[in-house]
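In this text, residue positions in the sequence shown follow UniProt numbering: the first is 1, and each later residue adds one.
Below is one structure, written out as structure tokens; the observations come after it.
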Amino acid sequence: MPKIRTVRSKKPPAGFDEIEDTLLDFEVRLKDAESKSKKATAGQSVSLSEGLWPIYQLHHQRSRYIYDLYYTKDRAISSELYSWLLKNRYADAQLIAKWKKQGYEHLCCLRCIQGKDNVHGTTCICRVPKAQLTKRIEQEEAKESEDDDEGEDKKKKKKKKNKESVKSIQCVTCGCRGCASTD
């Protein structure tokens, strides 16, 4: 959440008024997502982590918007405005710092690369490239097919089902479907 601006606080640098509407839109959408997640978890229609997914996704989108303005769109905002936005927490400075590193260009959230937050003490499933997931599933299928003698139709159905399961894999933390750099 950005800091609340008061009369005593410094005025934003030039160019802020051009992006303020978009940032306010993100703010409104974040508040709506927070209220919906509170209602959903109070009614227990979804788990606590699933209720937080829209908040994580909006946080990512807002940070990516500011990152893109500064780094990819020919410096659409000044470096002074960019540093002011980071200082006032309009964007996640640590997440943006990871985006600058090779291999983390599409990172969804910082919790997905922290080993202590995940089940096996490694990175999250959304960080594994989909090509590796399909390869691993095919290897498991090959081992099973050596043990079982099935018809061709059953093998095709299993292969199709496994490819669909790779597409439906989601991160438990933020709901990401894949943020590996090679995807």
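Built from N, CA and C at the ideal position, the CB exists for glycine as well.
Report the three-state DSSP secondary structure of residue i (helix, strand or coil).
i             : result
arginine 64   : helix
residue 203   : Not covered by the structure: residue 203. The range shown for the chain is 1 to 183.
serine 181    : coil
glycine 115   : helix
threonine 122 : coil
glutamate 80  : helix
aspartate 74  : coil
glutamine 170 : coil
glutamate 50  : helix
alanine 14    : coil
threonine 6   : coil
lysine 31     : helix
glutamate 105 : coil
aspartate 25  : helix
Closest to residue i by CA distance: which of the options is it?
i             : options                        : result
proline 54    : Tyr67, Tyr70, Leu30, Thr72     : Leu30
cysteine 171  : Asp17, Leu110, Thr6            : Leu110
isoleucine 19 : Lys130, Ile77, Ser168, Thr123  : Ile77
cysteine 176  : Gln132, Leu58, Lys101, Leu23   : Leu58
threonine 72  : Ile96, Trp84, Val28            : Ile96
threonine 22  : Tyr90, Gly103, Thr134, Ala131  : Tyr90
aspartate 68  : Trp84, Tyr56, Lys100, Gly43    : Lys100
threonine 173 : Glu141, Lys116, Glu138         : Lys116
tyrosine 56   : Cys112, Gly121, Glu141, Lys130 : Cys112
So residue i and residue j are in contact, right, with Cβ under 8 Å, and what is the actual spacing, rounded?
i             : j                : result
arginine 62   : phenylalanine 16 : With a Cβ gap of about 15 Å, arginine 62 and phenylalanine 16 do not count as contacting.
cysteine 179  : arginine 127     : 6 Å
proline 2     : asparagine 88    : 5 Å
histidine 106 : serine 37        : In fact, because the Cβ distance is near 24 Å, the residues do not count as touching under 8 Å.
proline 13    : tryptophan 84    : 5 Å
For residue i, is the classification buried or exposed, using 16 other Cβ atoms within 10 angstroms of its Cβ as the cut-off for buried?
i            : result
glycine 51   : buried
aspartate 92 : buried
leucine 133  : buried
leucine 24   : exposed
isoleucine 4 : exposed
alanine 33   : buried
Using beta carbons (cut-off 7 Å, strictly below), is residue i in contact with chain D?
i            : result
glutamine 94 : Among the protein chains of the structure shown there is no chain D, as only one such chain exists.
Less than 6 Å between C-beta atoms, sequence neighbours within five positions excluded: which residues of the same chain meet that for residue i?
i            : result
threonine 41 : Leu48, Gly51
Residues in the same chain with beta-carbon distance under 8 Å from residue i, minus the five sequence neighbours each way, listed in chain order, please.
i           : result
tyrosine 70 : Ala76, Ile77, Ser79, Tyr82
Closer than 7 Å by C-beta to residue i: which residues in its own chain qualify, once you throw out the five before and the five after it? Chain order, please.
i              : result
threonine 60   : Here the sequence assigns histidine to residue 60, which means threonine is not the residue at that position. Excluding residues within five positions, the ones whose Cβ falls inside 7 Å are Cys108, Cys109.
isoleucine 125 : Ile169, Cys171
threonine 122  : Gly115
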